Structures are given as structure tokens and as C-alpha cells.
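Q:
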Amino acid sequence: MALDRKQTPNDLDAFWMPFTANRQFKKSPRMFVAAKDMHYTTADGRQVLDGTAGLWCCNAGHCRPKITEAIQKQAAELDYAPAFQMGHPAAFELANRIIEIAPKGIEHVFYTNSGSESVETALKIAIAYHRARGEGTRTRLIGRERGYHGVNFGGISVGGIVNNRKFFGTLLAGVDHLPHTHLPAQNAFTRGQPEHGANLADDLERIVALHGPETIAAVIVEPMAGSTGVLMPPKGYLEKLRAITKKHGILLIFDEVITGFGRLGAPFAAQYYDVLPDMMTTAKGLTNGVIPMGAVLTTGEVHDAFMTGPEHMIELFHGYTYSGNPIASAAGIATLETYKEEGLFERAAELAPYWEDALHSLKGLPHVIDIRNSGLIGAVELEPIAGEPTKRAFSAFLNAYDKGILIRTTGDIIAMSPPLIISKAQIDELIGTLAGVLKALN
Ligand code: PXG
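Under the working numbering, the first residue of the sequence shown is numbered 1233, with each subsequent residue one higher.
1. Are the C-beta of residue 1429 and some C-beta of chain D separated by less than 7 Å?
2. Would you say the beta carbon of residue 1606 is closer than 6 Å to some non-hydrogen atom of the ligand PXG?
3. Taking only heavy atoms of the ligand PXG into account, decide whether any of them is closer than 6 Å to the Cβ of residue 1592.
4. In its own chain, which residues sit with a C-beta less than 6 Å from the C-beta of residue 1266, not counting the 5 before and 5 after it?
5. Return the chain-ordered ranges of every alpha helix (DSSP H) run that is complete within the stretch 1248 to 1315 and spans a minimum of 4 residues.
6. Can you tell me which of 1511, 1458, 1495 and 1500 puts its alpha carbon nearest to the alpha carbon of residue 1483?
7. Run through the DSSP bridge pairs and tell me what residue 1526 is partnered with.
8. Quick one: what does DSSP say residue 1606 is sitting in, helix, strand or coil?
9. Tell me the DSSP secondary structure of residue 1578 in three-state form.
10. Are the CB atoms of residue 1608 and residue 1580 nearer to each other than 7 Å?
11. Taking the CB atoms as reference points, tell me whether residue 1439 and residue 1408 lie closer together than 7 Å.
12. Taking buried to mean at least 16 other C-beta atoms within 10 Å of its own C-beta, is residue 1546 buried or exposed?
13. Taking 6 Å as the limit between beta carbons, can you name the residues of its chain near residue 1369, skipping five residues before and five after?
14. Under three-state DSSP, which class holds residue 1408?
15. Any heavy atom of the ligand PXG closer than 6 Å to the beta-carbon of residue 1382?
16. Measuring alpha carbon to alpha carbon, tell me which of 1573, 1243 and 1270 ends up nearest residue 1257.
17. Can you look up residue 1543 in the DSSP assignment and give me helix, strand or coil?
18. Could you tell me if the beta carbon of residue 1639 falls within a distance shorter than 6 Å of some heavy atom in the ligand PXG?
19. Given the structure, does residue 1515 come close to the ligand PXG, in the sense that its CB is under 6 Å from one of the ligand's heavy atoms?
20. Heavy atom of the ligand PXG less than 6 Å from the Cβ of residue 1459, yes or no?
21. With distances taken Cα to Cα, identify the nearest neighbour of residue 1628 among 1385, 1404 and 1670.
22. Where DSSP assigns a beta bridge to residue 1647, which residues make up the other side?
23. Identify, in the order they occur along the chain, each residue of the same chain with its Cβ nearer than 6 Å to the Cβ of residue 1239, setting aside the five sequence neighbours on each side.
24. Might you give, ordered along the chain, the residues of its own chain that have their beta carbon closer than 8 Å to the beta carbon of residue 1631, omitting 5 neighbours on each side?
25. With H, G and I counted as helix, E and B as strand and the rest as coil, what does DSSP make of residue 1434?
26. Using the Cα positions of residue 1347 and residue 1391, report the straight-line distance between them to the nearest angstrom.
27. Within the continuous beta strand (DSSP E) that includes residue 1474, where are the two ends?
28. Quick check on DSSP: helix, strand or coil for residue 1634?
29. Buried or exposed for residue 1596, going by 16 or more other Cβ atoms inside 10 Å?
30. In three-state terms, what does DSSP make of residue 1365?
31. Just confirm the distance between the C-beta atoms of residue 1527 and residue 1350, as a whole number of angstroms; I'd bet it's less than 8 Å.
32. Using DSSP's beta-bridge definition, name the partner residues of residue 1486.
33. Report, in whole angstroms, the separation of the C-beta atoms of residue 1638 and residue 1280, which I expect to be a contact under 8 Å.
34. Looking at the structure shown, is residue 1353 part of a helix, part of a strand, or coil, going by DSSP?
35. Any heavy atom of the ligand PXG inside 6 Å of the beta-carbon of residue 1462?
36. Going along the chain, which residues of its own chain have a beta-carbon closer than 7 Å to the beta-carbon of residue 1523, five neighbours each way excluded?
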């Protein structure tokens, strides 16, 4: 019997696309059909230089043989193993390798399937940690304006991207926000960390005084705020947050979903900025973006607080069917091996000054009001068109795509984060093409 539904594989209607202008896209689709190293191939056969590592995740570039082969082999050998009360070697092996490159003091790995799930997991661990130690009144969570912590309810509650929150009701109770650190009047066109703004961390003392420290479980921030448009932490800011949280017995969570796995030229931002949090949330670059996987990394102290009570009892009532999935674990191991064998974190650090100079050469072009960078991350902020925010940057994105480069935009900010395998010639091509796009913008 014939299926009673449309058999129209080219119909774009059924797929409701995430974070996409669906109607605009479906009128004028942008389809990738293949990828290799630094390039995507479009459906009409063009090569597009990847200026964003997919969505900040393909740090080793695309279709890297070691990762592809590891996935193929694992799929044929052990496709799935139950994640609860059973194990398989690859998940343990990957955890050990993550801890090898993590900051000293970070000792345990709890697997998830995305950045959003890593955030939910870390927030839950924070609250349960205090309870396990007899401080069950510590339930409040503190995020920051302009923060992005994924799209689940905990993450949007502590997050500070207005459009990600305002359509979705009352969110979690008991959440406060630190002020964001964007101070364009003082810090515009800073290379690396800005001079001004460390004092914004002192607002945490105000929040603590308002509620009492014994009510606060954790502070979560992106050490470098990516999605909101690339805001580097002011000099001394993260150190202050660490000192204040420590003083009041509050856990500090770094959301390293973007900054993890070499983006700044160190394995994690915690090492780049030399500030040790109690937990780190990761995803994206953990598997080079190839298979969904995330992980929460914790100190020994956080983990050990749970390891009490009868040994036959589950210590943490949390986890996912796909936590530590064999194929994701194999992809993770092969990814970390690729980073190591090719010295990609060191390469990012070496390329950073060249990247910085290239990016700042855009200063003075039409509409450019700020440029920010660190590691292999860069942002170019444009003056919005009066009354039509986001339109100018979105036009830049579309024109750039037509000219063969992939960039990201958020509001009127262009963000770039190329794979760490990018060459100097490709940096010139990316920035040169973008310069042409900016010159032609309305
Ligand atoms: N935390 C941070 C800091 C992130 O950047 C998430 C959590 C959520 O991860 P998942 O895997 O659930 O999407 C993110 C994700 C962009 C962009 O263009 C950024 C993200 C995702 C997609 C696009 O800025 N960050």
C-alpha cells in the first residue's frame, strides 16, 4: 500500500529549522553537501572557506580521517552499551584523556550530549553538592547578563540573552544576574583582554549581601562570552569572581562549551586565564562537532562529596541514555589524538598574533565600531541600521556566503572562530573577503 503522505524529498517544509529565519532560508536555501579540512562544498558545487568551525565546534577541521575511521570502527564493533550500571572501555579511556589536558585539580568527567545538557548537569550537581554536604539551603544560581548557557530551562534562566528568555515564561526561580562586561566607550578596539571592567565582578558581593551567602549554590559564566558577540573578560575580572565565590563557599562554573579544546590556544580557558573553577561545562570541540557529546568536568572535591553512603546506592540521580555513548567516545578519543598529534592548541597560540593583526586591519572600514579578539576568536561589531537592528550584519553574512566565506552573526556583531588548522593564507583570504563585503555594505 502506498504511504499516505507526500514523497517529496526536495520539499523543505517539514523540517522546522533551529535558530533560523525559516521562511527566508526556504526561499533561498544555503545547503552544504560535503566538507573537507577548511572548506564546505555547497549544493551548487562552490567551495566555502569555514570561518566559524561549523558552529564553533570543528576545531580540527572537517572530515578528518582519524575521527571518521574511529567512528566507523566503533559502530561496527560495539554500537551501544547501556549507560546506567554498565560500562564500556572507550568512555573510561576518553575521560582519562580529557583529565590529562584539563587544569590540575579537575579530576572527573560526567558525560552529556550537548552544551545545553552540560549546563543543566552542572547546575544540578552544584545544588546537590551543597545538599550532600549538609548545606541544603544553597539553591540560588547566579549567571550574567548576555550569558549563553544553551537553551534548556536552567541554561536560559542563568543566561542573559533576552530573546532566548522572554518568550518562555517564568523560568527557574531563585536566579540573579551579574552585569555584563561590555564597555565599548572605554574598551573599543582592545586587542585581547580589556583594561576596564574588573570591578563589575564586585557586583557579586552585592548579590551575596542581598540574599545571604548560605542561599547561593553557584555562579556560572562563560570565561569568554562567545554567542553574545565575543566579550573578553576584563583583566582581573575572573580572578575577582574566583576570590569572591571562594570567600563565600559558592561554586564557580566556567561554561567552556566554546572555549574548551584549544579555541584560545590552550586546552581550556581556565588555563589560558589561569583561574581554576570548580566545574567546567564542555561539548562542541570534544568530538570535533562530529558526534553529539558534552561533558561536565569537576574537581575531586565536588565529586568526592557525593561518594558517601552505602556503596550499592546510586550517588547522583542524573544521567542520559546516551551519556558516554560508545561511538561518541570513540570520536572523542580520535579527536583528542588529532589535536595532540598535530599540535593544534599550540598552533592556535602561534597563529593568534597573525589573526589579531589581520582582524584589526578592518578598523576604519564602514560601520565598524569595535573589533575584539583572543586566541583564534574574533568579532567585528557593526553600527546597526537605525530602526533595523541585526539587518546590517545579516546582509554581511549573506554577501560573505556568496563570496565564498562562512561567518556567523549575532545581533550586529560578526563572529569568527576558524578551525585551528587554518593557514596564514586562508586567514588573509577570510579577512580580505570580509573587508570587501564590509566596504560594499549599506
Ligand atoms: N554554553 C555555551 C557557552 C555555548 O556557546 C551552549 C552552552 C549550548 O550548547 P549546545 O550544544 O546545546 O548548542 C553553547 C552553544 C553561535 C552559536 O553562533 C553558539 C552556540 C551554539 C550555536 C551557535 O554563537 N553555543
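Yeah, the Cβ is synthetic: ideal placement off N, Cα and C, and Gly gets one too.
It should be emphasised that the depicted structure is a prediction, and the values quoted were computed from it without experimental measurement.
A: According to the data block:
1. In the displayed structure, chain D is absent; only one protein chain is listed.
2. No, the Cβ of residue 1606 stays beyond 6 Å of every heavy atom of the ligand PXG.
3. Not a single heavy atom of the ligand PXG lies less than 6 Å from the C-beta of residue 1592.
4. Around residue 1266: 1273.
5. Fully enclosed alpha helix (DSSP H) runs of 4 or longer: 1254 to 1259, 1285 to 1288 and 1297 to 1309.
6. Residue 1511 is the option with its Cα nearest to residue 1483.
7. In DSSP, residue 1526 forms a bridge with 1344.
8. If DSSP states are grouped into helix, strand and coil, residue 1606 belongs with the strands.
9. Correct three-state label for residue 1578: helix.
10. Contact flag set, yes.
11. In contact: residue 1439 and residue 1408 (Cβ atoms closer than 7 Å).
12. With fewer than 16 Cβ atoms within 10 Å of its Cβ, residue 1546 is classed as exposed.
13. For residue 1369, where only same-chain residues beyond five positions count, the Cβ hits under 6 Å are 1446 and 1447.
14. Of the three classes helix, strand and coil, the one that applies to residue 1408 here is strand, per DSSP.
15. The answer is yes for residue 1382.
16. Among 1573, 1243 and 1270, the Cα nearest to that of residue 1257 is on 1243.
17. Three-state DSSP puts residue 1543 in coil, outside helix and strand.
18. Not under cutoff, so the answer is no.
19. The nearest non-hydrogen atom of the ligand PXG is less than 6 Å from the C-beta of residue 1515.
20. Checking the Cβ of residue 1459 against the ligand PXG gives yes.
21. For the residues 1385, 1404 and 1670, the minimum Cα distance to residue 1628 belongs to 1670.
22. The bridge partners DSSP lists for residue 1647 are 1611 and 1640.
23. Low local confidence applies: a pLDDT of 48 at residue 1239 is under 50, so the model's placement there is unreliable, and no value is given.
24. Contacts found: 1669, 1672 and 1673.
25. Here residue 1434 sits in helix by DSSP.
26. So the alpha carbons of these two residues sit roughly 13 Å apart.
27. Not the beta strand (DSSP E): residue 1474 falls in the alpha helix (DSSP H), residues 1469 to 1479.
28. The answer is helix: DSSP assigns residue 1634 an H, G or I state.
29. Residue 1596 comes out exposed.
30. Correct three-state label for residue 1365: coil.
31. Under the criterion of beta carbons closer than 8 Å, residue 1527 and residue 1350 qualify as touching, at roughly 7 Å.
32. In the DSSP output, where bridge partners are listed per residue, residue 1486 has 1453 and 1512.
33. Residue 1638 to residue 1280, Cβ: 5 Å. Contact.
34. In the structure shown, residue 1353 sits in a helix (DSSP, three-state: H, G or I).
35. No - the ligand PXG has no heavy atom lying nearer than 6 Å to the Cβ of residue 1462.
36. Within the same chain, residue 1523 has close Cβ partners 1303, 1559, 1560 and 1563.
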